[in-house]
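The letter at position 65 of the sequence shown is residue 64 when you use the numbering used here, and the numbering goes up by one with no holes.
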Amino acid sequence: MRKATELKLDNSLDFNLVKVVNKFRCQVGRELKHLDMTSEQWVVLARLWEEDGLSQKELAEKTLKDQANTTRILDKVVKKGWVKRLDSIDDRRAYLIYLTDEGKHVVQTTYPLVARIKEKLAQGLTDEEIQTLLALLDKLSQNMS
Numbered sequence: 000m001r002k003a004t005e006l007k008l009d010n011s012l013d014f015n016l017v018k019v020v021n022k023f024r025c026q027v028g029r030e031l032k033h034l035d036m037t038s039e040q041w042v043v044l045a046r047l048w049e050e051d052g053l054s055q056k057e058l059a060e061k062t063l064k065d066q067a068n069t070t071r072i073l074d075k076v077v078k079k080g081w082v083k084r085l086d087s088i089d090d091r092r093a094y095l096i097y098l099t100d101e102g103k104h105v106v107q108t109t110y111p112l113v114a115r116i117k118e119k120l121a122q123g124l125t126d127e128e129i130q131t132l133l134a135l136l137d138k139l140s141q142n143m144s
């Protein structure tokens with residue numbers, strides 16, 4: 000490990016990870032702006048596309064967001080008619096979150112836009128490099144657990 004005095008922000012893992020994520024989010028945001036949708040809202044819709052009917056707590060965990068942020072995002076997408084909250088049968092205090100038909104249509108419409116940005120992100124990387132990078136990112140994530 001290098002001394003703190005030798006560390007430069009531009010050479011740090013954390014700074015560079017955040018830089019890539021921020022650039023990705025900005026590009027997704029620009030692509031979705033015409034739909035009055037943010038990248039955070041898209042992630043919530045995409046997760047529900049994969050696993051509809053999650054509790055609000057599960058959705059927060061699976062989108063890497065805190066509860067307050069998830070509530071704020073859900074309030075907006077419910078208002079837009081893209082998702083609905085239904086009372087949980089198992090827990091009267093909880094809601095289950097589902098995509099509406101309009102929400103499903105929005106995901107289907109926007110997925111190709113986001114997929115293009117994901118392709119741009121991986122441009123110039125081989126499949127093997129992508130798998131190596133994913134494994135390394137998983138190690139970094141485990142280190143922070």
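Note that the Cβ used here is the ideal one computed from N, Cα and C, for glycine as well.
For residue i: DSSP bridge partner residues
i	result
Asp86	Tyr94
Leu53	Ile96
7 Å CB neighbourhood of residue i in its chain, flanking five on each side removed
i	result
Lys83	Val77, Tyr97 and Thr99
Val27	Ser38, Trp41, Val113 and Ile116
Per-residue DSSP class, three states only, for residue i
i	result
Ser140	helix
Gln122	coil
Leu8	helix
Gly80	coil
Asp74	helix
Through-space distance from residue j to residue i, alpha-carbon basis
i	j	result
Ser11	Lys18	11 Å
Glu30	Pro111	10 Å
Asp74	Ser144	30 Å
Glu118	Ser87	38 Å
Glu101	Leu135	37 Å
Cβ neighbours of residue i in the same chain (closer than 6 Å, five flanking residues each side left out)
i	result
Phe14	Leu8
Lys61	Arg46
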